[in-house]
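Note sheet for the following structure.
2 protein chains.
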Amino acid sequence: MSNNKPTRPKGTRDFAPAEVSKRQYMLDKIRQVFTKFGFQPLETPAMENLSVLTGKYGDEGDKLLYKILNSGDYLAHLKHDLASYTSQTLTPEIAEKGLRYDLTVPFARYVVMNRHELTLPFRRYQIQPVWRADRPQKGRYREFVQCDADVIGTDSLLCEAEIIMMLNEIMTALGIEGYEIALNSRKLLAGLSQYLGHPDKEGPLCVAIDKLDKIGQAKVHDELRQQGFDEQALTRLTPVLDIQGSNHDKLQALGKLLTNEKAQTGLREVEEVMQITENMGGDLQHVSFDPALARGLSYYTGIIFEVRLLDGSMGSISGGGRYDNLTGVFGWPDVSGVGISLGIDRIYDVMQNRGLFPATSSQTTQVMLVNFGEENLAYVLPLLGQLRQAGIRTVLYPDNAKMKKQLSWANKNDIPLVLIAGSDEVNNRTVSLKNMKTGEQQIIPVDDVVTTIKQVS
Amino acid sequence: MSNNKPTRPKGTRDFAPAEVSKRQYMLDKIRQVFTKFGFQPLETPAMENLSVLTGKYGDEGDKLLYKILNSGDYLAHLKHDLASYTSQTLTPEIAEKGLRYDLTVPFARYVVMNRHELTLPFRRYQIQPVWRADRPQKGRYREFVQCDADVIGTDSLLCEAEIIMMLNEIMTALGIEGYEIALNSRKLLAGLSQYLGHPDKEGPLCVAIDKLDKIGQAKVHDELRQQGFDEQALTRLTPVLDIQGSNHDKLQALGKLLTNEKAQTGLREVEEVMQITENMGGDLQHVSFDPALARGLSYYTGIIFEVRLLDGSMGSISGGGRYDNLTGVFGWPDVSGVGISLGIDRIYDVMQNRGLFPATSSQTTQVMLVNFGEENLAYVLPLLGQLRQAGIRTVLYPDNAKMKKQLSWANKNDIPLVLIAGSDEVNNRTVSLKNMKTGEQQIIPVDDVVTTIKQVS
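This is the structure we're talking about:
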């Protein structure tokens, strides 16, 4: 067996039944909230043309794209002698398709291809795997599911407020407590950059302060110095990053400090989003205005979000924000939108660690019938049919194996109830019902089986 | 825009929200039946090592595998000069992974890799996309979803009977009428081959009679002649293929004709499977014993199934059977199992053509609130919050656009109900509820909105 033992590619996972059930439970809850807020499901293919994917994720991203070898005699149509090629020059000639790297570029591609049929605003959610040829490490996979929700075609701040409410509802639906939704505005950061005397350095400023949590203020200063920020700028930055107090206090204080128009617009938008949330009956107790929230991506232009656990057990479990130009790269400028992405693997881990998954899922088999062989089947088979008819997830052990083996199989498959009908039971028209958790066993009339099981499960 | 207009790879599809909702409705129904019968969900990665995939689908299949280019400088470690390679010899050196071609080989790989943890029998279902570099044509895609359910680790005929019941329940759950479940046994076909005087030609016999529906008996004869069957054999075959009558009649008649042991075993198994189905309270009205059912794959060794529509509008919508050796190719022999595969795309088409999808799905947005701008929001936002609180899928149009534009958006998004609160309504603390299908409009007190909407949707 050892010589042809099959393997699975590094960085990929199989999901056993118990895991799939839990992931489905989690995703169903999220889907329910998405649709309650009017988001509609979209699915795009795993394979995209490399012309669509390349150049969208920076040079690093391009290297991480999985490329698919063209079919057939792919070397037949090379422009030059094979010997003259390097890996880099050969790839575009032998691979025209690649695997989806994220859900945003395929979404933009879809929007542009369907621009005549779509009536904006368009609210879509998308839950699908993506692939990245990254170095696998703990918690980082080469194939993983992304979960995005976006509204495009409107710049109304109502959407930002709805996203806050949606994040709250998702956390509630999943049972996750002890989190905060950090909120900031890229406009405020642009204003901050101006206030620091470097209006042209908003990008490097965002990249640096995005690391504040991880590396601390001293190292953020070092990085900013390298980017050409002077000491006066750093002195001005400190009270902004150190700011404390309620959301209201922070908005007030910064309003006095950062008086330029960009900063004022950013502050006003943050305030308005919170106001709308309250008007919708939403709860601001988890919302924290954080002027140091920057989000790495250059892509964002307005309000930005991040969901963090207060116990600091892991990085952010969701992030997003407003962008002004989803489809510009495909020739359709000025499509504004706002969206979030949920970190499914991290959320799964939180729920697993905190025991938030229900003990049995809607997929777990509820009842096993013991198999005592041929003669016994005439008694047991109608029962199996009735239980399923009643919607109870039931199996009959398919072989006449030893009782111990059958019970152990039920145990390993987390089946909570077992029905035993030996010759005594058959003679008395009864069945023994065994609770696999407590070990308790009771004898019930065969005609009461369905009702009894419905009561106890 | 035209110069960088994005495209989608040939043979792939985007699924718009309405389609995703319908597909999810269909798959949820199927999943519910699977789990009722004790099948548990498994998921494997899209990427598999080519060492696992290659050689499992014949030479033709190998050509249809999508291969993924190795990352980085993949030409750096070639054994020979680049110039000396052909497409065929280069591929194994530059691609070590490929995309899943079906769900059976990954399942076998999973079973072998987890053989110490799995307690057989193992019932798994798997609903995931597969990829084939086939020539795209109507109804044939390069990326499509397969839907398989298998029980492995037991040779009990109970499993075959359960599959018949499961197929019936799936058809009922989806609302598909006018179908038959054709049933036969590969053992009977082996016996038939022996009866025809060619015990070594079971394979070619199966391949030929599998085409009976498409090409007719004369051409089947031609094909069999080419395979070396003599005229006496063809004369003996005719009454078998022509057989008519009830399942009972056909079993009786063939029992007298085909007296060899293999044929008798096959007939007995078909009979037993039908008997067990009846004992479970199952319905045989859709089950048709069809001695000409062969299924192309050489893989099957026992009972085989096929689900067909009686109106002949398309090929089979499901097929499957028993096999004796799932994992032999990975060094673990004698793992027997029985399974079925559902043709999701075909089933979707049947349901679409027959109007079997509900008008609104569990994802369709139920209510749109009209947006009359800033001042009006104080009235409308709490309503939005309350409706969602009550679990009603609701959107507020995000911008203060013209009423006509907002209503047309609701229409295009199939939203059945619209709430309008202009200044009159605000003054009277009412709301107008417009039914988008009938055009009817009624005025209701603002406090009754949630209850009224719950009644009408």
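Line by line, the protein sequences give chains A and B.
In terms of the numbering used here, the first sequence is residues -16 to 440.
In terms of the numbering used here, the second sequence is residues -16 to 440.
Beta carbons are placed, not taken as given, at the ideal position from N, Cα and C, and that holds for glycine.
Only Pro24, Leu25, Glu26, Thr27, Pro28, Ala29, Met30, Glu31, Asn32, Ser34, Val35 from the region 24 to 39 of chain A bring a Cβ to less than 9 Å from some Cβ of chain B. Taking a Cβ-Cβ cut-off of 7 Å, the neighbours of Cys142/B in chain A comprise Pro381, given in sequence order. Within a 10 Å sphere around the beta-carbon of Gly265/A sit 16 or more other beta-carbons, which makes this residue buried. Contact with chain A is found for Arg371/B, since one of that chain's Cβ atoms lies less than 8 Å from the residue's Cβ. For Phe288/B, the enclosing beta strand (DSSP E) begins and ends at 283 to 292. The region 112 to 146 of chain B is shown to contain no whole alpha helix (DSSP H) run of 4 or more residues.
Taking a C-beta distance under 8 Å as the contact criterion, Pro24/A and Ser139/B do not qualify as a contact pair. Taken in chain order, the whole beta strand (DSSP E) runs of length 3 or more contained in the region 43 to 86 of chain A are 80 to 82. With its beta carbon at least 8 Å from every one in chain A, Leu402/B lies outside the interface. For Tyr40/A, no beta strand (DSSP E) run applies, since DSSP gives it neither H nor E. Among the CB atoms of chain B, one or more fall inside 8 Å of the CB of Lys19/A.
One Cα belongs to Asp294/A, the other to Ser281/A, and the distance between them is close to 28 Å. DSSP, reduced to helix, strand and coil, places Ser296/A outside both helices and strands of the structure shown, so it counts as coil.
DSSP, reduced to helix, strand and coil, places Arg107/A within a strand of the structure shown. Contact of Ile259/B with chain A is assigned, a C-beta pair being separated by under 8 Å.
For Met9/A, the CB contacts under 7 Å within the same chain, skipping 5 residues up- and downstream, are Leu157, Ile330, Tyr331, Met334 in chain order. Residue state for Thr435/A is assigned as helix, using DSSP reduced to three classes. According to DSSP, residue pairing for Phe272/B in a beta bridge involves Leu166/B.
Beta-carbon to beta-carbon, Thr248/A and Lys170/A are separated by about 5 Å, close enough to satisfy the 8 Å threshold. Under the 10 Å beta carbon count, Ser391/B is surrounded by fewer than 16 other beta carbons and is classified as exposed. Beyond the five residues adjoining it in sequence on each side, Phe340/A comes within less than 7 Å, by CB distance, of Lys5, Tyr8, Met334 in the same chain, given in chain order.
Judged by their CB atoms, Leu400/B and Gln349/B are nearer to each other than the 8 Å cut-off.
For Ala132/A, the closest Cβ of chain B is not nearer than 8 Å. In the three-state reduction of the DSSP assignment, Asn32/A falls in the strand class, which pools E and B.
With at least 16 other beta carbons inside 10 angstroms of its own, Ile13/A counts as buried. Under the three-state reduction of DSSP output, Phe313/B falls in the helix class.
Between Gly81/A and Glu31/A, the C-beta gap is smaller than 8 Å, which places the two residues in contact. Residues of the region 340 to 352 of chain B that bring their beta carbon within less than 7 Å of a beta carbon in chain A comprise Gln346, Thr348, in sequence order. One thing to note: Pro104/B has its Cβ within 8 Å of the Cβ of Ile135/B. DSSP, read as helix, strand or coil, puts Thr377/A in strand.
With a threshold of 16 other beta carbon atoms within 10 Å, Glu143/A meets it and is buried. Residue range 413 to 418 is occupied by the beta strand (DSSP E) that includes Ser415/B. Each residue's CA atom was taken as its position, placing Glu206/A and Leu101/A some 44 Å apart. Annotation: Cβ neighbours of Val378/A in chain B (cutoff 8 Å, chain order): Phe20, Gly21, Arg106.
When secondary structure is reduced to three states using DSSP, Pro365/B falls in the helix class. Interface flag for Ile330/A against chain B is unset, since no Cβ pair is found closer than 8 Å.
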